[in-house]
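Participant: I have a structure I would like to understand better, so I am pasting it below and will then ask my questions one at a time.
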Amino acid sequence: MHTFIWRFVSFFLKKSGLLFLAIIFVMITVVTAAFDSTRVRVRHLTIENDAFASVLAGKKLVHISDTHFRTEDSQHVEVVLDMLDSLQPDYVFLTGDLVRWYGWWDDYQLTFDFLKKVRASDGVFAVMGDSDYSFSRASCSFCHAKPGSETISLNQTKFLRDQFIDHTRSSLPVRIAGIDCGPYMLPDVSLADSLSAATPTILLSHTSTVFDSISDSKNVLVLAGDTHGGQIYLPDFIWKWWRRKPDPEHMYGFFRERNKMLYVTSGVGTSDIIFRLGVPAEIAVIEFVPEKK
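For the sequence shown, my numbering gives the first residue as 1, with consecutive numbering after it.
Here it is as structure tokens:
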């Protein structure tokens, strides 16, 4: 009888222990997801490149993507603007999906109000993402006025649609280019073909698929978004097998092939599911320094 009771107690304790561990695991997962879903971190990236450093040394470049703003995000918008103000950027680059999927007029207006308030000493440049096209009657206002209305002023923010602008810094040129991916994520890479190897170029694109079409002899930094870094952390081989995104080889982070470089940010907002796990939202801060000899 005592043996039976002891076995029962041991069995209960073993099962209870496993249940307790399972409960702790679920609690940690929930807390981590809640934390990752509400905070926006600042990620600093220092890149060694002589061509870029000769023009942009000492400059602070801020990269934001995939905000997916919706009407109820007004407080979140202010948090992002306060973070930008504290960073005091020289350039701000926005790489699309700025408004939520299938947003309505109020969602777009909140996004336009955000863009009006973004400030940088040397300029604010942007491209559209596929979600920005999901309500065509409003999306046109990113670049031009609606028929019969006055032009919407986005202040410093300049949208680049398959075009580039040359800036002169320290008597040397730097090119800022933007490739438009359109509503179906089909970027026209002909602009990338026209880039000069002699001029360092910041190339904005919502999707990182353009990276492979660029010659590695060109000094180009591609800034992209779209992936949200996966939004939920999974090993790389799963993303490559699943192929949920058009470029699973570059889900998140910094990549380099000789002179050409790519940074894919995890973005600020969420879509499909409204939480993150193991992949916090971020604002990326990029600075260039000379290469170590």
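Even glycine gets a Cβ: it sits at the ideal position worked out from N, Cα and C.
#1: With a CB to CB cut of under 7 Å and the five nearest residues on each side skipped, what residues in its chain are close to aspartate 132?
#2: At which residues does the beta strand (DSSP E) containing lysine 260 begin and terminate?
#3: Please classify leucine 204 as buried or exposed, where buried requires at least 16 neighbouring CB atoms within 10 angstroms.
#4: For valine 261, I'd like the list of residues in its chain whose CB is within less than 8 Å of its CB, leaving aside the five on either flank, ordered along the chain.
#5: Give me the Cβ distance between threonine 207 and aspartate 226, rounded to the nearest whole Å; I'm assuming they're in contact under 8 Å.
#6: Under three-state DSSP, which class holds phenylalanine 135?
#7: Going by Cα to Cα distance, which pick from Cys181, Asp107 and Ile165 is closest to serine 196?
#8: Within 10 angstroms of its Cβ, does arginine 70 collect 16 or more other Cβ (buried), or is it exposed?
#9: In chain order, what residues of the same chain have a beta carbon less than 8 Å from the beta carbon of methionine 83, not counting five sequence neighbours either side?
#10: For threonine 157 and leucine 277, what's the separation of their Cα atoms in angstroms?
#11: Using the rule of at least 16 other Cβ atoms within 10 Å of the residue's Cβ for burial, across every protein chain shown, is tyrosine 184 buried or exposed?
#12: In whole angstroms, what is the alpha-carbon distance linking arginine 244 and aspartate 272?
Facilitator: Per the coordinate set shown:
#1: Gly96, Asp97, Leu98, Val99, Ser139 and Phe142
#2: 260 to 264
#3: buried
#4: The sequence shown places methionine at residue 261, rather than the valine named in the question. Answer for methionine 261: Ile47, Asn49, Val220, Leu221, Val222, Phe254 and Phe255, listed in chain order.
#5: 5 Å
#6: coil
#7: Ile165
#8: buried
#9: Val40, Val42 and Ile283
#10: 31 Å
#11: exposed
#12: 12 Å
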